[in-house]
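Below you'll find the structure, written out as structure tokens, and then a few comments.
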Amino acid sequence: MYEYIEYFVEVVFGLGMFINAMLFVPQAVKIYKVKNANGVSLATFAGFCIIQFLTVLHGYIHQDHILMFGSALGLIFCATVTFLIIRYKQW
Numbered sequence: 138m139y140e141y142i143e144y145f146v147e148v149v150f151g152l153g154m155f156i157n158a159m160l161f162v163p164q165a166v167k168i169y170k171v172k173n174a175n176g177v178s179l180a181t182f183a184g185f186c187i188i189q190f191l192t193v194l195h196g197y198i199h200q201d202h203i204l205m206f207g208s209a210l211g212l213i214f215c216a217t218v219t220f221l222i223i224r225y226k227q228w
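Numbering (this note's numbering), first residue to last: 138 to 228.
So this is what it looks like as structure tokens:
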């Protein structure tokens with residue numbers, strides 16, 4: 138019984154990590170389409186990138202592959218948003 142619960146939690150956690158990463162995509166698409174990042178905080182997304190990076194390292198150190206790969210995917214999309222903010226922000 139415990140194995141089923143553990144498996145269920147791992148599947149739901151993995152799905153949550155994937156959804157977490159996908160939440161950055163709409164912001165990236167919007168910035169890219171309008172070619173304007175005004176109103177989007179560079180500090181916030183830079184902070185998210187740092188957190189995602191540290192979570193990848195934590196997952197690596199503890200051999201938690203779901204956490205590591207989910208956070209790496211989140212880092213990729215968050216870094217994309219951060220890059221687009223730098224590219225399209227009207228300073």
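Ideal Cβ placement from N, Cα and C applies to all residues, glycine included.
To the nearest angstrom, how far is the alpha carbon of residue i from that of residue j?
{"i": "E147", "j": "H199", "result": "15 Å"}
{"i": "A183", "j": "H202", "result": "24 Å"}
{"i": "A158", "j": "L191", "result": "15 Å"}
{"i": "A165", "j": "T181", "result": "14 Å"}
{"i": "L221", "j": "I168", "result": "7 Å"}
{"i": "I187", "j": "L204", "result": "15 Å"}
{"i": "I223", "j": "A216", "result": "11 Å"}
{"i": "G243", "j": "K226", "result": "There is simply no residue 243 to check, as the chain begins at 138 and stops at 228 in what is shown."}
Can you say whether residue i is buried or exposed, counting buried as having 16 or more other CB atoms within 10 angstroms of its CB?
{"i": "S178", "result": "exposed"}
{"i": "F185", "result": "buried"}
{"i": "I213", "result": "exposed"}
{"i": "F161", "result": "buried"}
{"i": "I138", "result": "The sequence given here has Met at residue 138, not Ile. By the neighbour-count rule (16 or more Cβ atoms within 10 Å), M138 is not buried but exposed."}
{"i": "G311", "result": "The requested residue 311 does not occur in the structure, where the chain is confined to residues 138 to 228."}
{"i": "V149", "result": "exposed"}
{"i": "V193", "result": "buried"}
Helix, strand or coil, according to DSSP, for residue i in the structure here?
{"i": "L152", "result": "helix"}
Unbroken stretches of the alpha helix (DSSP H), 4 residues or longer, contained in the region 144-204: List check, alpha helix (DSSP H) in window: 162-171 and 179-198.
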